[in-house]
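Peer 1: 163 is the number that our numbering gives to position 157 of the sequence shown; each next residue is one higher, with no gaps.
C-beta atoms are modelled at their ideal positions from N, C-alpha and C, and glycine is treated no differently.
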Amino acid sequence: MCSSDLPRTIRRHQTRLLLPTLAPPEGGTLASGHIALDREHAHHLIRVLRLHVGDQLELLDGQGHCYWATIASLSKDHATLTIASQCYVPLNPLQITLVQGLSAADHMDFSLQKGVELGLHRFIPVNCERSVSRIDAARSESKLRHWQKVAQASCMQSANPWLPHIHQAQDLGSALDWMSSKTDASTTKSSTFTYRWMLDPYANQSLNEMLSSNSQRGTTAQIPNRQVSLLVGPEAGLSDQEVNAAKRAGFESIHLGPRTLRTETAAMAAIAVLQAAWGDWSQPASPRWI
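1. With three or more C-beta pairs closer than 8 Å as the rule, is the region 265-274 touching the region 154-161?
2. What's the call for S218, buried or exposed, on a 16-neighbour Cβ count within 10 Å?
3. Roughly how many angstroms separate the alpha carbons of L63 and Y73, rounded to a whole number?
4. Would you call A75 buried or exposed, if buried means 16 or more other Cβ atoms sit within 10 Å of its Cβ?
5. With 16 as the cutoff for other CB atoms within 10 Å, does P96 come out buried or exposed?
6. Select from A143, N231 and G256 the residue whose C-alpha is nearest the C-alpha of H127.
7. Go ahead and pull the three-state DSSP assignment for G239.
8. If you draw a straight line from the C-alpha of L6 to the C-alpha of R53, how long is it?
9. For the region 171-186 against the region 132-139, do three or more pairs of beta-carbon atoms, one drawn from each stretch, fall closer than 8 Å, so that the two count as touching?
10. Which residues bound the alpha helix (DSSP H) around F116?
11. Using three-state DSSP, classify Q289 as helix, strand or coil.
12. Let me know the secondary structure DSSP gives S137 once reduced to three states.
13. Evaluate Y208 with the Cβ neighbour count: other Cβ atoms within 10 Å of its Cβ, from every protein chain shown; 16 or more gives buried, anything less gives exposed.
14. What is the residue span of the beta strand (DSSP E) that A85 lies within?
15. Distance check for W168 and S9, CA to CA, integer angstroms please.
16. Can the beta-carbon of P131 be found closer than 9 Å to that of Q92?
17. Just to check my reading of the structure: L108 and R140 have Cβ atoms closer than 8 Å, yes? What is that Cβ distance to the nearest angstrom?
18. Quick one: what does DSSP say R151 is sitting in, helix, strand or coil?
19. For a test of the three-state rule: what should DSSP assign to T266, helix, strand or coil?
20. Just how far apart, CA to CA, sit Y201 and A165?
21. For L25, report the span of its alpha helix (DSSP H) as first-last.
22. Grab the span of the alpha helix (DSSP H) containing H71 for me, first residue to last.
23. Compare the Cα-Cα distances from H49 to each of A85, T27 and I277 and report the closest residue.
24. At what residues does the beta strand (DSSP E) containing G107 begin and finish?
25. CA-CA distance, S146 and M114?
26. Excluding the 5 residues preceding and the 5 following G39 in the sequence, name in chain order all residues of the same chain whose CB lies nearer than 7 Å to its CB.
27. Hey, would you say L28 sits closer than 9 Å to H71, going by beta carbons?
So, in structure tokens, the structure goes:
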């Protein structure tokens, strides 16, 4: 049962484990009340989470399904969990895509980690003309695996039941082409609105102005679905050619006020403002079980 009645101390220290392989078929549930874990996950339960037989934890599959489980057996090579309850958390009506210009490795990790905590839906890292750090095809796969681990850890820490889609690093032009040609079935719904915004400290319009001018759209009783793509340049910003290419792909320039923000700060500030205005921030942080 989903509930917020647990004591505050339990809510703060609730143990979680992300298992993407748990995801059932669309609209389905787990066929069995028991889950067997392999050596890697058993090691994580023992050495990292410090759990024992009889302890309880929350399982996430990264696609909105959540399970409350008890450890039935545990060894260094194997673990068995018994599912006591399960629930589904609907997708946030605000889906944010971050197109992030490649910056220093720790800045990229920070942007992804904090983005997941804030409810990021999709992460597209892009090589830009002024990127200090670039990722070629040889390193693309290993970087993708690294970012997936960063996102998984952030989901567990923040209790975010939705693992974001993470793309391989690519040139900005390729990302813009993909976004221009992308056909998402959800965008055909009358209640879905799409926006493409590029952060530019010298833009004429602010994010607040954009939100105000678009807030009247979808003011019916039903919360509208919104898809927002944010393009953020690397440390040195986007070149004039890249700005023009983004505009041709449908991006509008917006700024975040009178101060110049670091690339990782700008992205998180914009996502936070969007979530506060259009997202699920009206919902309290609460556990899903009693």
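Peer 2: Per the coordinate set shown:
1. no
2. exposed
3. 8 Å
4. buried
5. exposed
6. N231
7. coil
8. Missing from the structure shown is residue 6; the chain here goes from 7 to 296 and no further.
9. yes
10. A111 to E123
11. coil
12. coil
13. exposed
14. A85 to Y94
15. Caution applies to S9, whose pLDDT of 45 falls short of 50 and renders its modelled position unreliable; the value that the coordinates give is listed next. The straight-line gap from Cα to Cα measures roughly 19 Å.
16. no
17. 6 Å
18. helix
19. coil
20. 27 Å
21. Neither: L25 is in no alpha helix (DSSP H) and is coded neither H nor E.
22. It is not in any alpha helix (DSSP H) - H71 instead sits in the beta strand (DSSP E) that spans H71 to L80.
23. A85
24. L100 to G107
25. 14 Å
26. T88 and I89
27. yes
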